[in-house]
Amino acid sequence: MASYTDVLEYLSALDYPAGKDDVIQEAEREGAPPEVLKALRALPPVDYANGTEVARSAGIDAAPEVGPSQRAAQARDRHLRVSQHLRGI
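Following numbering that gives the first Met the number 0, the numbering of the sequence shown begins with 0 at its first residue and continues without gaps.
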């Protein structure tokens with residue numbers, strides 16, 4: 000399976016916003032391996048604002064080292080991603 004880093008590596012020169020066809024053409028031009036191309040060909044046909052949107056739409060996990068239990072704990076902690084100065088609001 001393609002990794003998040005792989006996808007971003009082969010799309011680093013792409014100008015955004017870009018459509019699905021542009022994303023695939025850029026990856027082919029950069030010599031992306033078959034697993035990356037397969038993931039990109041499965042993308043919905045929409046315009047993407049950046050490489051992160053492409054990777055997320057392809058269903059590629061940005062942090063595969065984070066296990067299900069840690070993800071559940073992060074989901075329960077509603078303040079995990081809120082800055083300290085905003086916690087009391």
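Where a beta carbon is used, it is the ideal one built from N, C-alpha and C, also for glycine.
Going by beta carbons, ALA31 and LEU39 fall inside the 9 Å limit. Under the DSSP assignment, LEU42 falls outside any alpha helix (DSSP H); it carries neither an H nor an E label.
When the beta-carbon positions are compared, TYR47 and ALA17 come within less than 9 Å of each other. LYS37 has its alpha-carbon roughly 16 Å from the corresponding atom of GLY50. Across the set MET0, PRO44, GLU8, LEU7, the C-alpha of PRO44 shows the shortest separation from the C-alpha of ASP20.
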